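Scroll down for the structure; my scribbles are underneath it.
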Amino acid sequence: MTETLQGAARTNALAPLLSRGWTETDDGTAIEKRYEFRNFNEAFGFMTRVALWAEKRDHHPDWRNVYRTVEVTLSTHDAGGLTQKDITLAEKMDEAAAHV
Ligand code: HBI
């Protein structure tokens, strides 16, 4: 099982994400971000691309779509917290959102 990120490794991994609108949950077990697109088609297209990528890697976002917004929570449930898998998925999602 992937280990949760701790100490400096966690701080360093989170720094670029926090600068791009990700926040840590109060209990520290997850990160969250709200994406806003121009319309539903862009939001759902983003979700489709991320879903295919996530399924291939067997690591999945918790998310909620309302019209043109997508609210995302990332955590590694098996590990009970934040792991490198969440960081990698967050980076992939930011990249996907930048190319809708
Ligand atoms: N996705 N976010 C997340 N966290 C998990 O622990 C996880 C997952 N997708 C699939 C998965 N675990 C499976 O590997 C296990 O539940 C078998």
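Going by this note's numbering, the sequence shown opens with residue 22, and the numbers climb by one from there.
In this text, a Cβ means the ideal position worked out from N, Cα and C, and glycines have one as well.
Computed from a prediction, not measured in an experiment: that's the story for all the values here.
{"Check": "Within the segment 59-110, ranges of the alpha helix (DSSP H) (whole runs, at least 4 residues)", "Outcome": "61-78"}
{"Check": "Closer than 6 Å: Asp115 CB and nearest ligand 1 heavy atom", "Outcome": "no"}
{"Check": "Residue of Asp99, Trp74 and Arg55 minimising C-alpha distance to Tyr88", "Outcome": "Arg55"}
{"Check": "Buried versus exposed call for Ala64 [16 or more other C-beta atoms within 10 Å across all chains shown]", "Outcome": "buried"}
{"Check": "Beta-ladder partner(s) of Thr44, from DSSP", "Outcome": "Glu53"}
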